[in-house]
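S.K.:
Residue numbers (UniProt numbering): 1 to 352.
#1: Can you tell me whether DSSP reads residue 26 as helix, strand or coil?
#2: Hey, residue 68 and residue 37: beta-carbon distance below 8 Å or not?
#3: Provide the residue span of the alpha helix (DSSP H) that contains residue 148, from first to last.
#4: Quick one: grab the DSSP three-state call for residue 354.
#5: Does the stretch 70 to 85 come close enough to the stretch 208 to 223 to have 3 or more Cβ pairs within less than 8 Å?
#6: Note down, in chain order, each residue of its chain lying with its Cβ closer than 6 Å to the Cβ of residue 243, except the 5 sequence neighbours on either side.
#7: With a Cβ-Cβ cutoff of 8 Å, do residue 198 and residue 52 count as a contact?
#8: Comparing C-alpha positions only, which one of 349, 351, 313 sits nearest to residue 99?
#9: So the candidates are 9, 19, 7, 305; which of them puts its Cα closest to the Cα of residue 227?
#10: Given a cut-off of 8 Å on the beta-carbon distance, is the pair residue 56 and residue 64 in contact?
#11: What's the C-alpha gap between residue 249 and residue 104?
#12: Using alpha carbons as the reference points, say which of 299, 280, 349 lies closest to residue 128.
#13: Under 8 Å Cβ to Cβ from residue 9, same chain only, skipping five residues before and after it: list those, please.
#14: For residue 34, does the count of other Cβ atoms within 10 angstroms reach 16, so buried, or fall short, so exposed?
#15: Need the endpoints of the alpha helix (DSSP H) that residue 185 sits in, please.
#16: Using a 10 Å radius around the Cβ and a threshold of 16 neighbouring Cβ atoms, would you call residue 234 buried or exposed?
#17: Please confirm whether residue 362 and residue 109 have their CB atoms less than 8 Å apart.
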């Protein structure tokens with residue numbers, strides 16, 4: 001826990017709190033400091049979760065990792081939802097999925113393949129995960145098609161009702177996915193660890209750390225979200241770009257580094273498992289939870305995204321499905337994924 005260079009950024013935790021509360025700095029300063037502060041906290045949250053998982057048995061441990069793997073995105077999403085920033089929430093959902101399947105997977109294929117002609121991975125597990133990712137895409141395509149085929153003056157509660165029902169279905173599919181991964185087809189998801197990991201802290205300390213870090217992240221997320229509107233106005237960018245490109249970096253930076261490190265070591269099953277499984281957790285768990293949370297707190301959060309965003313996600317999942325279908329990767333495929341992410345980033349930057 002103390003050896004990671006990411007922990008050096010913990011110095012920004014007290015600095016961000018001071019500038020956000022006592023000094024009342026500009027929105028740009030508040031956003032930047034809290035943005036940086038959350039990155040090492042996300043790393044510590046992952047560490048605490050893994051420590052608890054190691055003491056909980058393989059099944060419960062894997063369930064904990066799956067549940068808390070995207071806790072930062074969930075916290076940020078709920079706080080933004082409370083503030084009524086629905087477009088930011090939707091953009092952060094889309095951005096998290098895109099950053100995992102294009103940016104992270106692209107770097108894995110590219111850097112892992114620089115010194116090798118090609119790398120191999122478990123084709124069945126990867127294709128199963130991408131099939132579930134296609135279901136996530138379908139859950140966004142259907143509301144878009146639904147909206148396009150009803151009169152413009154029709155009430156919007158039909159889309160909300162559709163989103164609520166679809167979210168419940170997605171949560172059921174997520175439970176089935178966990179059953180598939182942890183019980184019936186565990187052999188497909190066996191990792192390539194060199195040696196069995198052992199916990200380095202006590203269970204009480206790990207649980208306490210998990211709760212404390214989650215609380216601190218919530219504080220920083222509150223400040224971060226509160227500064228978004230000021231940053232959008234100051235920087236001359238749109239909320240969608242903030243949600244799609246910037247916010248996913250906050251919760252996934254440490255995880256992204258780990259995934260790329262595994263690829264360089266030729267542990268492609270672990271690399272792809274992190275990248276695609278994280279996207280699945282966003283699509284099958286975080287997204288429906290946020291939609292249902294919006295239902296509870298009376299915020300019109302739905303699965304109806306802008307047509308442009310839905311097309312981008314559909315195309316991205318299509319590209320990834322095509323590239324992994326042979327169970328092999330090389331540096332050129334990585335370059336294609338990175339290029340796709342760059343094009344999408346530019347599009348959202350210039351999109352009004």
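Glycine included, C-beta positions come from ideal geometry on N, C-alpha and C. Predicted, not measured: the structure shown is a model, and the values here were computed from it.
M.R.: Considering the structure as presented:
#1: Annotated three-state conformation of residue 26 is coil, per DSSP.
#2: No.
#3: Its alpha helix (DSSP H) spans residues 123 to 148.
#4: A query on residue 354 cannot be resolved here, the shown segment of the chain reaching from 1 to 352 and no further.
#5: The stretch 70 to 85 is in contact with the stretch 208 to 223.
#6: Excluding sequence neighbours, residue 243 sits near 88, 91, 92, 95.
#7: Cβ distance not < 8 Å, so residue 198 and residue 52 don't count as in contact.
#8: Selected option, being the one with the closest Cα: 313.
#9: For the residues 9, 19, 7, 305, the minimum Cα distance to residue 227 belongs to 19.
#10: Yes, the pair counts as a contact, with Cβ atoms nearer than the cut-off.
#11: If I take the Cα positions, the gap works out to 11 Å.
#12: Selected option, being the one with the closest Cα: 280.
#13: 36, 37, 39, 40, listed in sequence order.
#14: Flag for residue 34 reads buried.
#15: Segment: none, residue 185 is in no alpha helix (DSSP H) and carries neither H nor E.
#16: Taking all protein chains in view, the Cβ of residue 234 is surrounded by fewer than 16 other Cβ atoms within 10 Å, so the residue is classified as exposed.
#17: Any question about residue 362 goes unanswered here, given that the chain covers just 1 to 352.
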